[in-house]
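*Asks:* Let me give you the structure first, and then I'll get to my questions.
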Amino acid sequence: MAGKSGRTIANTPQKVWKKRILSWEGMLVVLFIAVNIFCMSLSPMYQLNNILREMPKYLTEVFMLLPMAYILVMGDIDISVGAIVCLSATMACFASNKGLPFIVVVLVCLLTGTICGFINGFILATFTELPPMIVTLATQIIFRGIAEIALGSGGSISLTNVDGFRMIAGKVGNVPYIFFLVLLFAIIFTVILAKTTFGKKMYAIGSNSLAAYYAGIKVQKIRLIVFTTTGFMTGLAALFLISVLYGANTTTGNGFEMDAIAMAVFGGISTNGGKGKLLGGIIAAFIIICLRIGLGLINMNPQVILIILGILLILSVLLPNIMNQLKLKSKKTAMK
């Protein structure tokens, strides 16, 4: 094609498919396929029916991943979600054992989580000089401490009536209800972050909260909304966790906060804020879930599984930096 200057301009279409495959999300999809092939080679028991049977206990963490991604995008962090799960599950079990209608039990669980999330958000939005990690560490201790006091010396509670929880643990064919609910919330949270003004405001806060404030964004109001939403989603996670465990104890939810953060970071969401896509976090969550199920089927030591996940997390942080350095070197070489 000839331009006005008489020069010929090469009309080479951009290879969109190549760009998508080489994106972080594209590489995660490839890794997801590789992990499933690896797990199938490990055990003949790694089949769809077995995966769907084991999946509910792990899918509860995806409920926490979704709002945790929002928090990380804003440059904040919340390490109290595991303790909120413990407290929400404990209160729901007590309500159920009191003979209250199941809908009331559900409301108790969700309300407990929402209140805890609101407390985190209110403190951080009111006292903006306080670091989120310290505040949520303190509330983590408080929330789990309240649960331990409520559980007493036994340290656990079992459901006397499991009918309602058995109902929400039901399936459509072989697919558990929780799978459909996780997909629904995943779509909602992804669309909000990627396509709405609210999502763009979160990215702006994560990039530079002061600049976002002077641009007219109500930074603290958005933080309060996101932390409260995190509490609600954590309460929802607790509800479905009870449907698997049929009770609660002082260790319920231990490590859930680290799992949610690991899924988000492995999915390409920056802990410094302002970067990352929720789609990557969701794909990463299913990679981790499939890997846990596959390794669990061969009775691998849970601590070894944690080591493998830790290595994957380190690699997910290192690879983007290595790739950026290689790009800079190639640019410098091209300029010479």
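According to this note's numbering, the sequence shown is numbered sequentially starting from 183. Here a beta-carbon is modelled for each residue, glycine too, at the ideal position from N, C-alpha and C. Here the structure is a predicted model, which is why all the values come from computation and not from measurement.
Counting C-beta neighbours from all protein chains within 10 Å, is the total for ILE316 16 or more, i.e. buried, or is it exposed?
*Replies:* Residue mapping note: residue 316 aligns to position 134 of the sequence shown, counting from 1. Exposed is the call here.
*Asks:* Verify whether the separation of the beta carbon atoms of ILE475 and MET222 is less than 8 Å.
*Replies:* Looking up residue 475 in the sequence shown gives position 293. Looking up residue 222 in the sequence shown gives position 40. Going by C-beta atoms, ILE475 is not nearer than 8 Å to MET222.
*Asks:* Is ILE305 closer than 8 Å to SER425 when the C-beta atoms are compared?
*Replies:* Numbered from 1 along the sequence shown, position 243 holds the residue referred to as residue 425. Numbered from 1 along the sequence shown, position 123 holds the residue referred to as residue 305. Going by C-beta atoms, SER425 is not nearer than 8 Å to ILE305.
*Asks:* Just how far apart, CA to CA, sit PHE276 and ASN302?
*Replies:* To locate residue 276, count along the sequence shown from 1; it is residue 94. To locate residue 302, count along the sequence shown from 1; it is residue 120. The alpha-carbon atoms of PHE276 and ASN302 are separated by roughly 24 Å.
*Asks:* With 16 as the cutoff for other CB atoms within 10 Å, does PHE309 come out buried or exposed?
*Replies:* For the purposes of this step, residue 309 is identified with residue 127 of the sequence shown, where counting begins at 1. Burial call: exposed.
*Asks:* Below 8 Å, can you find three or more Cβ-Cβ pairs linking the region 463-483 to the region 226-244?
*Replies:* Yes, they touch.
*Asks:* Skipping 5 residues on each side, what residues in its chain have a beta carbon closer than 8 Å to that of VAL287?
*Replies:* Residue 287 sits at position 105 when you count from the first residue of the sequence shown. Within the same chain, VAL287 has close Cβ partners ALA274, ALA277, SER278 and GLY346.
*Asks:* Using DSSP with H/G/I as helix, E/B as strand and the rest coil, what is SER512?
*Replies:* For this step, residue 512 is matched to residue 330 along the sequence shown. Helix at SER512.
*Asks:* Helix, strand or coil: which one does DSSP assign to PRO484?
*Replies:* What you label residue 484 is simply residue 302 of the sequence shown in a count that begins at 1. Correct three-state label for PRO484: helix.
*Asks:* Apart from the five residues just before and just after LEU213, which ones in its own chain have a Cβ nearer than 8 Å to its Cβ?
*Replies:* Against the sequence shown, residue 213 aligns to sequence position 31. The answer, listed in chain order, is ILE469.
*Asks:* Starting from ALA430, trace the alpha helix (DSSP H) both ways and give me its first and last residue.
*Replies:* Locating residue 430 in the sequence shown gives position 248, counting from the first residue. First-last for ALA430: 429-431, but that is the beta strand (DSSP E), not the alpha helix (DSSP H).
*Asks:* If I measure Cβ to Cβ from GLY352 and keep anything under 7 Å in the same chain, skipping five residues before and after, which residues do I get?
*Replies:* Locating residue 352 in the sequence shown gives position 170, where the first residue counts as 1. The answer, listed in chain order, is TYR359.
*Asks:* From GLY413, LEU501 and VAL401, pick the residue whose C-alpha is nearest to that of CYS268; which is it?
*Replies:* Working through the sequence shown from its first residue, we reach residue 268 at position 86. Of the candidates GLY413, LEU501 and VAL401, the one whose C-alpha sits nearest the C-alpha of CYS268 is GLY413.
*Asks:* Smallest Cα separation from ASP258: which of ALA386, LYS511, ILE487 and SER512?
*Replies:* Against the sequence shown, residue 258 aligns to sequence position 76. Nearest option by C-alpha distance: ALA386.
*Asks:* Hey, could you find the ends of the beta strand (DSSP E) SER340 is sitting in?
*Replies:* Counting from 1 along the sequence shown, the entry for residue 340 is found at position 158. From DSSP, the beta strand (DSSP E) with SER340 extends over 338-340.
*Asks:* When burial is assigned at 16 or more other CB atoms within 10 Å of the CB, is PHE380 buried or exposed?
*Replies:* If you number the sequence shown from 1, residue 380 lands on position 198. Exposed, since its Cβ has fewer than 16 Cβ neighbours within 10 Å.
*Asks:* Taking only the alpha-carbon atoms, compute the straight-line gap between MET183 and TRP206 and give it to the nearest angstrom.
*Replies:* If you number the sequence shown from 1, residue 183 lands on position 1. If you number the sequence shown from 1, residue 206 lands on position 24. Because the pLDDT of MET183 is 48, which lies under 50, any placement of that residue in the model is unreliable, and the number read from its coordinates should be weighed accordingly. Roughly 34 Å between the two C-alpha positions.
*Asks:* Give the secondary structure of VAL373 by DSSP, where H, G and I count as helix, E and B as strand, and everything else as coil.
*Replies:* Translated into the one-based positions of the sequence shown, residue 373 becomes position 191. In this structure, VAL373 counts as helix in the three-state DSSP scheme.
*Asks:* Among THR416, ALA397 and ILE285, whose alpha-carbon lies nearest the alpha-carbon of LYS382?
*Replies:* Within the sequence shown, numbered from 1, the residue matching residue 382 stands at position 200. With distances taken between Cα atoms, LYS382 lies closest to ALA397.
*Asks:* Just to confirm, are MET415 and MET246 a CB contact at a threshold of 8 Å?
*Replies:* What you label residue 415 is simply residue 233 of the sequence shown in a count that begins at 1. What you label residue 246 is simply residue 64 of the sequence shown in a count that begins at 1. Yes, these two residues count as a Cβ contact at 8 Å.
*Asks:* Could you tell me the distance, in whole angstroms, from the CA atom of ASP441 to the CA atom of ILE489?
*Replies:* Position 259 of the sequence shown, counting from 1, holds the residue named residue 441. Position 307 of the sequence shown, counting from 1, holds the residue named residue 489. Rounded to the nearest angstrom, the two C-alpha atoms are 13 Å apart.
*Asks:* Which first and last residues belong to the alpha helix (DSSP H) in which ILE285 is found?
*Replies:* Here the question's residue 285 lines up with position 103 in the sequence shown. From DSSP, the alpha helix (DSSP H) with ILE285 extends over 284-308.
*Asks:* Do ASN436 and GLY264 have their C-beta atoms closer together than 8 Å?
*Replies:* If you number the sequence shown from 1, residue 436 lands on position 254. If you number the sequence shown from 1, residue 264 lands on position 82. For ASN436 and GLY264, yes; Cβs fall inside 8 Å.
*Asks:* Pull up the CB-CB distance for ILE266 and GLY295, whole angstroms please, since I reckon it's below 8 Å.
*Replies:* Stepping through the sequence shown from its first residue, residue 266 is reached at position 84. Stepping through the sequence shown from its first residue, residue 295 is reached at position 113. Confirmed, about 5 Å.
*Asks:* Are there 16 or more other CB atoms within 10 angstroms of the CB of LEU210, so buried, or fewer, so exposed?
*Replies:* Counting from 1 along the sequence shown, the entry for residue 210 is found at position 28. Buried.
*Asks:* Could you check what DSSP says for PRO358 in three-state terms: helix, strand or coil?
*Replies:* Looking up residue 358 in the sequence shown gives position 176. Looking at PRO358 - three-state DSSP - the assignment turns out to be strand.
*Asks:* Quick check on DSSP: helix, strand or coil for LYS382?
*Replies:* On the sequence shown, position 200 is the one that residue 382 refers to. If DSSP states are grouped into helix, strand and coil, LYS382 belongs with the helices.
*Asks:* Give the range of the alpha helix (DSSP H) segment to which GLY264 is assigned.
*Replies:* In the sequence shown, counting from the first residue as 1, residue 264 sits at position 82. Note, GLY264: alpha helix (DSSP H), 263-279.
*Asks:* What's the call for LEU292, buried or exposed, on a 16-neighbour Cβ count within 10 Å?
*Replies:* Looking up residue 292 in the sequence shown gives position 110. Buried, since its Cβ has 16 or more Cβ neighbours within 10 Å.
*Asks:* Between which two residues does the alpha helix (DSSP H) carrying MET445 extend?
*Replies:* As a first step, residue 445 must be located in the sequence shown, where it is residue number 263. Its alpha helix (DSSP H) spans residues 438-448.
*Asks:* THR318 lies in the alpha helix (DSSP H); which residues open and close that run?
*Replies:* Sequence index remark: in the sequence shown, residue 318 carries index 136 (1-based). Unbroken alpha helix (DSSP H) run through THR318: 314-333.
*Asks:* Using three-state DSSP, classify LYS400 as helix, strand or coil.
*Replies:* Working through the sequence shown from its first residue, we reach residue 400 at position 218. Three-state DSSP puts LYS400 in coil, outside helix and strand.
*Asks:* To the nearest angstrom, how far is it from the Cα of ALA466 to the Cα of VAL217?
*Replies:* Against the sequence shown, residue 466 aligns to sequence position 284. Against the sequence shown, residue 217 aligns to sequence position 35. Looking at the two C-alpha atoms, the distance is approximately 11 Å.
*Asks:* Mind checking GLN507: buried by the 16 CB within 10 Å criterion, or exposed?
*Replies:* Working through the sequence shown from its first residue, we reach residue 507 at position 325. Its Cβ having fewer than 16 others within 10 Å, GLN507 is exposed.
*Asks:* If you check the beta carbons only, do ALA251 and LEU460 fall under 8 Å apart?
*Replies:* By one-based count along the sequence shown, residue 251 stands at place 69. By one-based count along the sequence shown, residue 460 stands at place 278. Their beta carbons are under 8 Å apart, which means ALA251 touches LEU460 by this criterion.
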